[in-house]
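Sequential numbering of the sequence shown, starting at 68, is according to the numbering used here. In what follows, a structure is listed as structure tokens, so that the remarks can point back to it.
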Amino acid sequence: MKTAYDIVIRPIITEQSMEDLDIKKYVFEVAKDATKPEIAGAIEEIFDVRVIKVTTQNIHGKAKRVGANPPGRTKSWKKAVVKLSEDSKTIEIFENMS
Numbered sequence: 068m069k070t071a072y073d074i075v076i077r078p079i080i081t082e083q084s085m086e087d088l089d090i091k092k093y094v095f096e097v098a099k100d101a102t103k104p105e106i107a108g109a110i111e112e113i114f115d116v117r118v119i120k121v122t123t124q125n126i127h128g129k130a131k132r133v134g135a136n137p138p139g140r141t142k143s144w145k146k147a148v149v150k151l152s153e154d155s156k157t158i159e160i161f162e163n164m165s
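In structure tokens, the structure reads:
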């Protein structure tokens, strides 16, 4: 059985994700086989918040090549955008980033 820490891999810190902090939207890299209810439960368990919506997107790896080496690909991964309820507290790891 997967734990919450197996589902949520890392937060995504980008300029666009920082702009959505004021409306309580947070972006995470999650396990490829994780479902929306699993992601919501994991976020609620780890950060003690209330999730009202989860949207996911599969990010496909890009083709890359270095010099004369054969072409390869960067890894494919899954992104989850999590919307918290208005009365929920904020997630602390994003506090001092902006």
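Even for Gly, the Cβ is constructed at its ideal location relative to N, Cα and C.
- If you compare the alpha carbons of D115, K99, R132 and P138 with that of I160, the shortest gap goes to D115.
- Every alpha helix (DSSP H) of 4 residues or more that sits fully in the stretch 71-98 is shown, in chain order, as 71-74 and 82-86.
- When C-alpha distances from Q124 are compared across R140, E96 and K131, the shortest belongs to E96.
- In this structure, A107 lies away from D73, with their beta-carbon atoms at least 8 Å apart.
- Bridge partners of K145 according to DSSP: V97 and N125.
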